[in-house]
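Peer 1:
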Amino acid sequence: MKSVPPEEAADIEKEFFAPADTLAEKAMHALGSGRTIYKDNFREAWAQYIVGLLIRCPEDLELMRENWLNYVIDVPAHWELAYAETRKPGEPAALADKIKLMTSVSSKRSLDCVRWLVRAAAA
Numbered sequence: 001m002k003s004v005p006p007e008e009a010a011d012i013e014k015e016f017f018a019p020a021d022t023l024a025e026k027a028m029h030a031l032g033s034g035r036t037i038y039k040d041n042f043r044e045a046w047a048q049y050i051v052g053l054l055i056r057c058p059e060d061l062e063l064m065r066e067n068w069l070n071y072v073i074d075v076p077a078h079w080e081l082a083y084a085e086t087r088k089p090g091e092p093a094a095l096a097d098k099i100k101l102m103t104s105v106s107s108k109r110s111l112d113c114v115r116w117l118v119r120a121a122a123a
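At position 100 of the sequence shown (counting the first as 1) the number is 100 in this note's numbering, and the numbers step up by one without a gap.
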């Protein structure tokens, strides 16, 4: 928000970003622990947080898009073990190698569009 006057930026931060960030933090912890977000207010706050990132720091998001493989290729050992136990015939021997294969043109197109999925709770 470099082009927004400081007073207006502070108002936007206080009225829009701060409430969304507080709930989004709770949603992030839920997502990080593998739980599905059932509450609409958490889902909405998470969506507002993502939009906020696009507004607040588009350069950082572009950098992440360009370097995302460097972030995900460092696979923890327990992930590799879990992958080895469930790997299907014909799949790469290592999870890191499988992730590298995900950088095909169609995957890049999906990353360029940044698709965010929040699973809906079954009724």
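Virtual Cβ for every residue (Gly too), placed ideally from N, Cα, C.
#1: Can you tell me where the alpha helix (DSSP H) with Y134 in it begins and where it stops?
#2: Assuming the contact rule is C-beta atoms closer than 8 angstroms, Y49 and A20 should be a hit. Round their C-beta distance to whole Å, please.
#3: Do F42 and K26 have their C-beta atoms within less than 8 angstroms of each other?
#4: Just to confirm my understanding: we take L95, look at its own chain, exclude 5 residues before and 5 after, and list those with CB closer than 7 angstroms. What are they?
#5: In or out: I37 buried (at least 16 other Cβ within 10 Å) or exposed?
#6: DSSP on M64, reduced to helix/strand/coil?
#7: For A93, name the three-state secondary structure that DSSP assigns.
Peer 2: Taking the structure as given:
#1: With the chain running from 1 to 123 in the structure shown, residue 134 is simply not present.
#2: 5 angstroms
#3: yes
#4: V75, W79, E80, Y83
#5: buried
#6: helix
#7: coil
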